[in-house]
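Here the sequence shown stands for residues 116 to 230, numbered as in the numbering used here. Just so it is clear, CB atoms sit at the ideal spot from N, CA and C, and this is done for glycine as well.
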Amino acid sequence: MTRHIRVCFLLITFICSSQVLIAQNYGQLWTVELSATVQSSPALITLNWEANQNGNPDTYAIWRKIKGTQGWGNIFGSVPSSTLTYTDSTVSVGVSYEYHVQFRLGNSAYAWGYI
């Protein structure tokens with residue numbers, strides 16, 4: 116009886132572990148991994164990201180807000196899927212900004228990133 120319980124426990128543990136790994140892989144595939152380069156003169160912020168492995172979206176949409184404010188508002192800019200950078204030349208030195216980059220693949224699949 117004790118051996119039967121141990122085998123069941125190990126089987127349940129294995130099944131639960133494999134589901135967690137799948138969830139982590141899925142999440143990573145639907146992420147836009149962002150980095151930013153800041154320049155003070157002239158004031159520029161350049162966002163960079165790598166191509167997503169799930170396919171080619173039509174466009175990347177970009178939102179911007181001042182750090183700490185609520186809501187993202189309307190789309191701030193967009194670039195075609197072949198472009199993996201976006202330069203914001205409307206920034207002010209001394210102001211902190213947050214960016215949200217998103218692409219849509221098909222009718223219901225999205226990937227996004229924040230910086």
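Can you tell which of the options has the C-alpha that lies nearest to the C-alpha of residue i?
i: A151; options: D203, S196, A176, W145; result: D203
i: D173; options: P157, T184, L199; result: L199
i: V153; options: Y201, I190, F191; result: Y201
i: P195; options: T184, Q185, L220; result: L220
Between residue i and residue j, what straight-line distance do the alpha-carbon atoms span, to the nearest angstrom?
i: Q168; j: G209; result: 36 Å
i: Y225; j: T205; result: 27 Å
i: I160; j: S211; result: 11 Å
i: Y214; j: Y175; result: 12 Å
i: G192; j: Q217; result: 11 Å
i: Q185; j: L162; result: 21 Å
i: K180; j: A158; result: 16 Å
i: I177; j: A166; result: 15 Å
i: S248; j: K182; result: Here the chain comprises residues numbered 116 to 230, so residue 248 is not present and cannot be evaluated.
Looking at the strands, I want to know which residues DSSP matches up with residue i.
i: K180; result: E213
i: Q154; result: L159
i: F218; result: Y175, A226
i: L149; result: W164
i: V208; result: V208 pairs with nothing; no bridge assigned.
i: T200; result: N163
i: G192; result: I177
Using a Cβ-Cβ cut-off of 6 Å (strictly less than) and excluding sequence neighbours within five positions of residue i, which residues of its own chain qualify?
i: G188; result: none
i: S155; result: V208
i: I230; result: L149, A151, Y214
i: W145; result: A226
Can you give me the Cβ contacts of residue i inside the same chain, cut-off strictly under 7 Å, excluding the 5 residues immediately before and after it?
i: W164; result: V147, E148, L149, L199, V216, G228
Starting from the C-beta of residue i, find all residues in its chain whose C-beta is less than 8 Å away, skip the five residues before and the five after it, and write them out in chain order.
i: I190; result: A176, I177, W178
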